[in-house]
Structure formats: structure tokens, C-alpha cells
Amino acid sequence: MPQLVGVAFFVLIASILLQRFKQPSLVAYLITGVLLGPRGFGLVTDTTTIARLGEVGVVLLLFFAGMELSLPELKKQWRIPVLGTLMQIAASVGFVAAIGWWMSWPVGRIVLLGFVISLSSTAVVLKLLHDRGELNGPVGRDVVGILLAQDIAIIPMLMTIGFLAGSSPSPMTLGIQLVAGVCVIVLLGFIASRDSIHIPLAKWLRGDRELQVLAAFALAFGLAFLTGIAGLSVALGAFVGGVVVGAARETEWIHDALYPFQVFFLAVFFVSIGMMIDPRFVWNRFPVLFALLLAVLVTNTLVNGVILRLLGRSWPNSLRGGALLAQIGEFSFVLAAVGRQTGLIEDFAYQTTVAVIALTLLVSPTWIRIAELFRRKPSGPYTARRME
């Protein structure tokens with residue numbers, strides 16, 4: 001508890017200071033994690049508890065995103081999420097394959113690292129879109145659709161990594177994951193075909209604040225828990241839960257009940273990400289890490305930008321969509337850990353991968369601002385508001 005209170009205090013101070021420099025709160029959270037973590041000043045040592053509490057924030061963030069997203073509108077633009085994600089994964093693996101061929105990497109390592117850089121951060125992108133009111137705009141729908149497809153793609157990625165490492169899940173595990181995936185798709189299809197749905201007992205909750213908070217937590221974490229035990233992404237379940245609530249048009253009281261919790265626990269999540277950055281490791285290998293960081297950001301921006309352009313978006317707006325998806329996502333930490341456990345990458349490569357992932361998350365808001373400078377004028381299917 002004292003460490004959690006300390007985290008909250010330092011997050012508040014860092015946020016106030018960085019606000020004066022017009023930096024988003026996300027940067028303050030990450031820097032706080034770097035400074036307070038065991039690799040920084042060591043004021044927080046129980047990183048496991050901090051990380052688990054942070055997962056609550058991710059669940060709530062995805063839940064809120066699902067509430068605000070219009071599924072019927074997303075359904076009309078299915079080509080962007082499905083084709084865009086497939087093309088992006090293929091391009092990322094191809095890019096790493098070119099490097100791996102030159103460095104004589106085994107196939108397993110090439111595929112693993114290709115998967116790692118292909119995933120974007122759902123938490124970072126959704127927060128940036130939400131803070132700027134663009135979540136349900138055309139650019140937000142495109143990017144969120146791709147992020148959702150990436151969450152679904154994590155399962156076949158893990159199975160592929162296991163196969164390349166010489167291990168694979170049992171037929172029962174595969175069957176459970178398949179059934180759960182089909183159920184999620186059917187539920188989303190049902191919601192997309194309806195103007196609205198009815199949540200039982202919702203009318204009985206509107207006058208009772210305590211019941212509202214309890215019911216909101218049950219809705220937010222219920223589907224997340226079910227998809228988690230089925231072997232799917234917890235974030236995917238939280239998102240679907242939010243979509244259900246949004247379709248039922250019960251968002252106002254649920255938003256009021258959960259939003260304060262989301263703000264706090266999401267800050268804790270980003271602090272936990274910051275704690276993964278080892279300042280000494282970064283300092284000692286800064287030239288290499290900086291080159292890798294720049295290569296990842298430029299490559300992901302261009303790859304995603306070109307894909308969005310091929311799928312009908314204008315160049316300026318495709319570039320912004322690519323910049324939003326340029327960072328490496330939090331689920332890539334999971335893929336990297338699996339790669340180390342299965343022997344596809346050694347410990348040094350794992351530490352380098354973790355450092356690059358965390359650094360892309362740290363500089364993502366600044367990178368998006370830089371990409372904005374290259375946009376000549378808003379045009380095309382969607383018009384993004386100027387970054388604040």
C-alpha cells in the first residue's frame with residue numbers, strides 16, 4: 001500500500017510538471033515508472049503487484065473503448081481491420097526476414113520478432129484517441145479496427161511460435177480457443193445487426209449508486225474473465241463487454257461509475273511499463289537501441305501508412321494512421337517472454353527487445369506529433385483534428 005500511494009503521488013507531480021511543457025499524461029506515467037522502479041531509484045520493488053493492478057486499467061480502457069465505438073459503422077469498413085492486419089503482419093515478418101537472412105537468423109527467431117514488431121499498443125493508441133476525441137471518428141474506427149484484429153491474431157501467433165519451438169497446445173486447448181473465438185464473432189455479429197439491445201435489470205440499477213458500481217465492474221470484467229480462461233485475450237473480452245453496453249445505450253451511468261477507477265489503474269499500468277526500462281542498459285547500448293527504435297518507428301509508420309493508402313485512404317491521413325500504429329504493443333512483451341522461454345531468443349536479445357518495446361511506448365506521443373508536421377492538409381475519408 002505505501003508503494004502504491006507513492007506511485008500515485010509521484011504520478012501527480014510528474015503530470016503537473018509535464019503539463020507545463022504540453023506533454024501528455026502518458027509520458028509522465030512512463031517516466032515515473034522509470035524513476036521509481038528497481039532499475040531506477042528503487043523506491044518501488046514490488047513490480048509484480050503494480051503490474052497486476054495495471055491490468056485492471058487496461059481492462060477498463062478497452063471496456064470504455066468498446067462503449068464508445070459504433071460497431072455498425074465498423075462493420076461497414078471490415079476491409080481495413082481484416083486486410084490491413086494481415087498485410088501488416090506479412091510485411092513485418094518480411095522486413096525482419098530480410099534482416100535475418102543477412103544475419104543468418106533461424107526461421108523461428110525471424111517469425112517471432114516479425115510478430116513482435118507487428119503488434120501495436122491498444123492501451124497507448126486508445127488513450128491518445130480518447131484524449132483527443134477521435135475514438136469514434138473515421139480515423140479512430142480504422143485504427144481501433146486494426147487493433148481489435150491484432151488482439152484476435154495473438155492466439156494464432158502464440159500457436160505458431162509454439163510450433164516453431166517444437167511445442168504446441170493440446171487439442172482440447174485449441175478446441176476451447178476455437179469455440180471461444182467463434183462465440184465472440186457471433187456475439188459481435190449479433191450486435192452489429194441490431195440498432196440496440198436490452199440488458200436485463202438495467203432499469204433497476206439507475207437509482208442506486210452502489211449497485212451501479214458493482215454492476216459496472218461485473219460487466220467490465222465478466223467477459224474479460226471468460227475470454228481469459230478460454231485462452232483468448234483479456235483485452236478482447238473487455239472490449240466486447242464494452243460493445244455490449246454501448247449497444248444497450250447504458251453508457252452514461254456506467255461511465256460515471258467506472259471512469260475514476262480507469263484513470264487511476266491505467267496510470268498504474270503505464271507506470272509498470274516504465275519500470276521495465278533499465279536506464280543503465282539503455283545508456284550503455286544507446287547507439288544500438290536508438291537505431292533500433294528509429295528503425296521500428298519509421299518502418300511501422302511507412303508500412304501501416306502504405307497499407308492504409310492501398311486500402312483507399314489519402315496519403316496525409318494514411319501517414320497519421322501509420323504513426324498511431326508505429327509503436328510496439330504491450331502484448332509483444334508476452335511474445336518476447338514466450339520466445340525466451342522456448343529458446344527462440346537468448347537473454348540478451350530478450351533484454352534488447354523489451355527495451356525497444358518500452359522505448360517505443362515512451363516516445364509514441366512525440367512521434368505522432370512529428371508525423372503531424374508532414375501532413376500538408378487534412379483530406380480523404382477521415383479528417384484528424386490537430387494534435388493538442
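So for the sequence shown, my numbering puts the first residue at 1; every next one is plus one.
Virtual Cβ for every residue (Gly too), placed ideally from N, Cα, C.
- In this structure, residue 241 lies near residue 219, with their beta-carbon atoms less than 7 Å apart.
- A Cβ-Cβ separation of about 27 Å leaves residue 57 out of contact with residue 92 under the 8 Å criterion.
- A buried status is given to residue 330, since no fewer than 16 other beta-carbon atoms sit within 10 Å of its beta-carbon.
- One alpha carbon belongs to residue 284, the other to residue 7, and they sit about 27 Å apart.
- Spanning the alpha carbons of residue 300 and residue 367 requires a straight line of approximately 12 Å.
- Taking a 10 Å sphere around the C-beta of residue 204, we find fewer than 16 other C-beta atoms and assign the residue as exposed.
- Annotated three-state conformation of residue 286 is helix, per DSSP.
- By the 16-neighbour rule on beta-carbons within 10 angstroms, residue 105 is buried.
- The three-state reading of DSSP puts residue 136 in coil, since its state is none of H, G, I, E or B.
- Residue state for residue 25 is assigned as helix, using DSSP reduced to three classes.
- One thing to note: residue 363 has its Cβ no nearer than 7 Å to the Cβ of residue 117.
- Residue 174: member of the alpha helix (DSSP H) spanning 171-192, first to last residue.
- Taken through DSSP and simplified to helix, strand or coil, residue 78 comes out as coil.
- For a cut-off of 8 Å, the C-beta gap from residue 155 to residue 231 is around 7 Å, short enough to register as a contact.
- When secondary structure is reduced to three states using DSSP, residue 210 falls in the helix class.
- Put simply, of 31, 75, 238, 260 the residue whose alpha carbon is nearest the alpha carbon of residue 65 is 238.
- A straight-line Cα-Cα distance of about 4 Å links residue 146 and residue 81.
- Residue 38 places its beta carbon less than 7 Å from that of residue 45.
- Non-local C-beta neighbours of residue 129 in its own chain, meaning closer than 6 Å and more than five positions away in sequence, comprise 135, 140, ordered along the chain.
- Residue 192 sits close to residue 71, with the two beta carbons spaced by under 7 Å.
- Residue 79 counts as exposed, since fewer than 16 other C-beta atoms from the protein chains shown sit within 10 angstroms of its C-beta.
- For secondary structure counted as the alpha helix (DSSP H) over 4 or more consecutive residues, the region 219-258 holds these complete runs in sequence order: 234-247.
- For residue 12, the number of other beta carbons within 10 angstroms of its own is below 16, and it is reported as exposed.
- For residue 275, no alpha helix (DSSP H) segment is defined, and its DSSP state is neither H nor E.
- Taking the Cβ atoms as the reference, residue 60 lies roughly 13 Å from residue 270, outside the contact range of under 8 Å.
- A Cβ-Cβ distance of about 7 Å is found for the pair residue 112 and residue 335, placing them in contact under the 8 Å criterion.
- Around the CB of residue 196, fewer than 16 other CB atoms lie within 10 Å, so the residue is classed as exposed.
- In the DSSP assignment, residue 130 falls within the unbroken alpha helix (DSSP H) covering 122-131.
- Residue 332 counts as buried, since no fewer than 16 other beta carbons sit within 10 angstroms of its beta carbon.
- Burial state of residue 277 is buried, judged by a 10 Å Cβ sphere holding 16 or more other Cβ atoms.
- Under the DSSP assignment, residue 342 falls outside any alpha helix (DSSP H); it carries neither an H nor an E label.
- For a cut-off of 8 Å, the C-beta gap from residue 40 to residue 34 is around 5 Å, short enough to register as a contact.
- Residues of the same chain with a CB within less than 8 Å of the CB of residue 280, apart from the 5 flanking positions on each side, are 39 in chain order.
- About 7 Å separates the beta carbons of residue 236 and residue 152, which is inside the 8 Å limit, making them a contact pair.
- A buried status is given to residue 177, since no fewer than 16 other beta-carbon atoms sit within 10 Å of its beta-carbon.
- Following the DSSP letters along the chain, one finds residue 369 inside the alpha helix (DSSP H) bounded by residues 347-373.
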